[in-house]
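Visitor: Structure below; questions to follow.
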Amino acid sequence: MKFRTLIITALLLMSIILTSCKAATETPVATEPPAEEEVVATEPPVEEEVVPTEPPVEEEVIPTEAVIYPPAPEYIEIGASIPLTGRFGSLGSQVKVGYDYAIADINAAGGVYVAEYGTSIPLRLTAYDDESDPTKAVSNLENVFSEQEVVAYLGGAASGMHAATTAIAEKNQVPYLGVSFAWWNIHQRGYEYLFSPFPKSPDQARDIFLALNEMIPAEQRPINIAVFQEMTDWGNELGGLFRADAAPAGYTVVYYAEYAPGTTDFSTLILEAQAAGANMLLGMPTTPDGIAIVKQMAELGWTPQFTMLVRAPDAATWAEATGTAGDLVTMFAGWHYGENFPGVAELNAKHQAEFGRPSDILVGPAYACVQILADAIERAGTLDRDAIRDAIGDTDMMTVIGQVSFNADGTGNVLNPLVQWQNGEMQLVWPLDQKTADFIFPAPPFGDR
Amino acid sequence: MDKKKIILLALLVLCVAALAMLPLVIEKDSTLNLIILVLLYMTLASSWNILGGYTGQTNLGHAAFFGIGSLTARLLWINGMPFFLSFLAGGLVAALLALLIGTPAFKLRGVYFAIGTLALAQILNLTVSNLFPEMSYNPALADYELVPRYYLFLGLAVLTIGCASLLVNSRWGLGMMAVREGEDAAESLGISALRHKLLALGISAFFAGLVGGAFAYYHVSYYLNMPFSPEWTFDPMMMAYIGGQGTIVGPVIGSVFFVLLKQLLVWNVGEYHLIIFGTLFILIVLFLPGGLIEGWKKIQNLVHHRKTSSGTGGFSKKFGSWLHWPQPKKG
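So the sequence lines, in the order shown, correspond to chains A and B. Everything in the first sequence is counted per the numbering used here, starting at 125 for the first residue and increasing by one. Everything in the second sequence is counted per the numbering used here, starting at 788 for the first residue and increasing by one.
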């Protein structure tokens, strides 16, 4: 026993010696709230401005003198950690489909031309399921970085997952393209390798008032707003932006309340909003919270003329879960299969053939990530990560989600379509030149539906 | 101490030394990351095992102690306190919490204790998510290095397993096991069940808190309520069951098996990995209710029976305390 104690003590001493812990060298800097002036307006895509990318022509690239290229790698390696199971599994599955379709299409067309090697090289995605666990996502990205030596990362889904994985991209200095998160704050941390062709909170707060002012005559607008703000960092960000952007657009926030995610009883918020005279509801609940909100609104008999719940109605089961109560609810989806950009019809046909429905809302943005990456590699002419990062930053191209370019902080200048549930179908109602159905306003009382 | 025990201990020291040398020969962060996960779960499962395996109290709230350790260490660290002090504070706060809730919690028995601890973890999870809704970022991402984190987890795993081994072989450890076998019987023999359970809970929570602090040092950015989520209870518990709860090596084997097999399945079979892993878990529970250690002991018994007939002692007899519950010494 004494001998064992001695051995164990030796082990403990050794472990203490080996444990070299460092103190934090820097105190985190408080994040400034997003300022209106910093937000770059999203220009609607203008077809005339689009310069089609010509496929590389061997004759144009090869100089008159014979050039000996280094041997090309078999594939351009891309890595991803995607939540295919767990609480974000439904989002991750859509994202994965988009990546797979785009890579298949690009490879079917011969791959990506890389001038450094004088040839086209196919893309290969190594994607692992992280079970919606950020710790596993980090491990997965480290693994594809070490084993596949990836030239770029494609993101998974949901803000919490992206927050963990983008830090790894920054640490490993690998370009990262991600969708399915509207969180703007993450782009304000000085990350140099993060790019997201997806609408962010400032776009959503600005565009909701732009859209309403464009679609509703001034005298009919629902100008009294109730905001139900989820107590999360993104909820705080978006709620604050709704409040800041309302007054300049001619609206008033008459009621503003916070609630914890997972709340099941919203009756107090609903009754107080009704008492405050609100005729518009803005919120950003999760799907279960959103379902609870609209059902309780119907039960309590408060029908705002206009309701936008940014995140909850993106579930395909929204209409089934909420019935008529969830009808006419709107959201910014990030993309809609009805958009009339090049490649969308083909994408829908492929999705329809495999899943029996047009593309889900995250399929298009995920597809666009691969389009952007392929275009950047081709323009960079090399598989050097920093060169690809710089080329992504200079992107200005047409994709299945429309024209895409990036701001200095990695946020994308992209279309931000407003969709509305109408009789169980998700319809695109704004921008007007993209709409698949007319905007229905005002919402009739729940009892009359 | 007989010769074979010395050989076993020498092998253990060699294993630890080999692990300590690993960063010198392996350059890939992915391998270190994977071993870090194994060491993290090894520590967490071993700490759960002190209360769950040796004292017989099924704690479904282990995430509360892991989480409070992580929260304390992270907040202190990013606010300027040297990490090592923050790390120790995480363990101490977790132990303090355990002692505070221990006395009322141990008024509950069996399934009620399990539900009570689960409720504690959930309450803390919701409270922390409401109090700290912002993402916590690593304050020094540019200086982030994996190797110091690796040594931290390695040292912690050795410390936890070593202390658990010392504890269960002590008088207090025997008292804990007596409580597990029959609380009323133990009381009738003059063993204070509450005192032994509190001791086990405090030590278990202390190590869970320490590993929570190590997690706070390791993870680049996460929501502060994340370490309070139920998987930080159920995964280590599953590891202890898979390896063999109530043994020192059970959680070690269980965590290696759990993390490596799961990762291999993720890498090779995609989204079907959970189905395959779940099936394997069910098979182990059905056919080896004592965990993988039981499988090993069955093999040893088989060998023992054959050797007994030729006059040789069995392996499990030599290394009994490492493989199964230690027996009280006579006299």
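Built from N, CA and C at the ideal position, the CB exists for glycine as well.
For residue 499 of chain A, count neighbouring C-beta atoms within 10 Å of its own C-beta (all shown protein chains included) and say buried if the count is 16 or more, exposed if not.
Guide: Under this definition residue 499 of chain A is a buried residue.
Visitor: Answer with buried or exposed for residue 916 of chain B, where buried requires no fewer than 16 other C-beta atoms within 10 angstroms of its C-beta.
Guide: So residue 916 of chain B ends up on the buried side.
Visitor: May I have the straight-line CA-CA distance separating residue 1018 of chain B from residue 357 of chain A, to the nearest angstrom?
Guide: Their backbone Cα atoms lie some 23 Å apart in a straight line.
Visitor: Please list, in chain order, the chain B residues whose beta carbon lies closer than 9 Å to that of residue 356 of chain A.
Guide: Simply 916, 920, 921 and 1010.
Visitor: Mind pulling the chain A residues with CB within less than 7 Å of residue 815 of chain B?
Guide: By Cβ distance, chain A contributes 270.
Visitor: With a Cβ-Cβ cutoff of 7 Å, do residue 211 of chain A and residue 283 of chain A count as a contact?
Guide: Cβ atoms of residue 211 of chain A and residue 283 of chain A: not closer than 7 Å.
Visitor: Helix, strand or coil: which one does DSSP assign to residue 535 of chain A?
Guide: Strand.
Visitor: Check the Cβ of residue 1007 of chain B against every Cβ in chain A and list those closer than 8 Å, keeping chain order.
Guide: Near residue 1007 of chain B (Cβ distances below 8 Å), the residues of chain A are 262, 288, 291, 292 and 295.
Visitor: If you follow the alpha helix (DSSP H) that residue 354 of chain A is in, where does it begin and where does it stop?
Guide: No alpha helix (DSSP H) holds residue 354 of chain A; the beta strand (DSSP E) holding it covers 348 to 354.
Visitor: Only counting runs of 3 or more residues, tell me where the beta strand (DSSP E) segments fall wholly within the region 440 to 528 of chain A, in order along the chain.
Guide: Whole beta strand (DSSP E) segments, 3+ residues: 454 to 456 and 520 to 523.
Visitor: Which chain A residues are close to residue 820 of chain B, counting only those with a beta carbon under 9 Å from its beta carbon?
Guide: In chain order: 262, 263, 266, 267 and 270.
Visitor: Nearest to residue 843 of chain B by CA position, among B:1095, B:987, B:829 and B:944, is which residue?
Guide: The shortest C-alpha separation from residue 843 of chain B is found at B:987.
Visitor: Specify the secondary structure class of residue 1075 of chain B as computed by DSSP and reduced to three states.
Guide: Coil, per DSSP.
Visitor: Given that a residue counts as buried once 16 or more other Cβ atoms are within 10 Å of its Cβ, and exposed if not, what is residue 182 of chain A?
Guide: For residue 182 of chain A, the pLDDT reaches just 49, beneath the cut-off of 50, and the residue's location in the model is therefore unreliable, leaving the point undetermined.
Visitor: Counting beta carbon pairs with one atom in the region 1002 to 1013 of chain B and one in the region 878 to 885 of chain B, are three or more of them shorter than 8 Å?
Guide: Not touching, per the Cβ criterion.
Visitor: In three-state terms, what does DSSP make of residue 573 of chain A?
Guide: Here residue 573 of chain A sits in coil by DSSP.
Visitor: Where does the unbroken beta strand (DSSP E) through residue 553 of chain A begin, and where does it stop?
Guide: Start and end: 549 to 554.
Visitor: Taking a contact to mean a Cβ-Cβ separation below 7 Å, would you say residue 912 of chain B touches residue 1015 of chain B in this structure?
Guide: Yes, these two residues count as a Cβ contact at 7 Å.
Visitor: For residue 939 of chain B and residue 807 of chain B, what's the separation of their Cα atoms in angstroms?
Guide: Spanning the two alpha carbons is a distance of roughly 11 Å.
Visitor: Within its chain, find whatever has a CB closer than 6 Å to the CB of residue 171 of chain A; leave out the 5 residues flanking it on each side and keep chain order.
Guide: Low per-residue confidence applies at residue 171 of chain A: pLDDT is 42, beneath 50, and the placement is therefore not dependable enough to give any value.
Visitor: For chain A, is any of its Cβ atoms less than 7 Å away from the one on residue 998 of chain B?
Guide: Not an interface residue.
Visitor: With distances taken Cα to Cα, identify the nearest neighbour of residue 1052 of chain B among A:226, A:222, A:328 and A:264.
Guide: Of A:226, A:222, A:328 and A:264, the residue nearest in Cα terms is A:264.
Visitor: Run through DSSP, which three-state label would residue 558 of chain A get?
Guide: Helix.
Visitor: Candidates B:898, B:870, B:982 and B:829: which alpha carbon is nearest residue 1003 of chain B's?
Guide: Answer by Cα proximity: B:870.
Visitor: Is residue 209 of chain A close to chain B, meaning its C-beta is less than 7 Å from at least one C-beta of that chain?
Guide: For residue 209 of chain A, the answer is yes, since a Cβ of chain B falls inside 7 Å of its Cβ.
Visitor: Under 7 Å between the Cβ atoms of residue 381 of chain A and residue 409 of chain A?
Guide: Their beta carbons are not under 7 Å apart, which means residue 381 of chain A does not touch residue 409 of chain A by this criterion.
Visitor: Can you name the start and end residues of the beta strand (DSSP E) that residue 433 of chain A belongs to?
Guide: First-last of the beta strand (DSSP E) with residue 433 of chain A: 430 to 433.
Visitor: Which same chain residues, not among the five before or five after residue 241 of chain A, have their C-beta less than 7 Å away from its C-beta?
Guide: The residues are 193, 194 and 196.
Visitor: Measure the CB-CB distance between residue 561 of chain A and residue 551 of chain A and report whether it falls below 7 Å.
Guide: Against a cut-off of 7 Å, the Cβ pair of residue 551 of chain A and residue 561 of chain A comes out as a contact.
Visitor: Apart from the five residues on each side of it in sequence, which residues of its chain come closer than 7 Å, Cβ to Cβ, to residue 174 of chain A?
Guide: Note that residue 174 of chain A scores a pLDDT of 43, beneath 50, so its modelled location is shaky; the value from the coordinates is reported in the next line. Contacts found: 522 and 527.
Visitor: Put residue 1009 of chain B into one of helix, strand or coil per three-state DSSP.
Guide: In the structure shown, residue 1009 of chain B sits in a strand (DSSP, three-state: E or B).
Visitor: Go ahead and label residue 970 of chain B buried or exposed: buried means 16 or more other beta carbons lie within 10 angstroms of its beta carbon, across all protein chains shown.
Guide: It is buried - the Cβ of residue 970 of chain B has at least 16 other Cβ atoms within 10 Å.
Visitor: Can you tell me whether DSSP reads residue 149 of chain A as helix, strand or coil?
Guide: For residue 149 of chain A, the predicted model reports a pLDDT of 36, less than 50, meaning its position is unreliable; a value from the coordinates is still stated below. Three-state result, residue 149 of chain A: coil.
Visitor: Would you say residue 284 of chain A reaches chain B, if we count a Cβ-Cβ gap shorter than 7 Å as a contact?
Guide: At least one chain B Cβ lies under 7 Å of residue 284 of chain A.
Visitor: Using the beta-carbon of each residue, which ones in chain B are nearer than 9 Å to residue 360 of chain A?
Guide: Residues of chain B passing the Cβ test: 920 and 921.
Visitor: So, at 6 Å on beta carbons, what are the nonlocal neighbours of residue 431 of chain A in its own chain, with the 5 sequence-adjacent residues on each side left out?
Guide: Result list for residue 431 of chain A: 405 and 453, in chain order.
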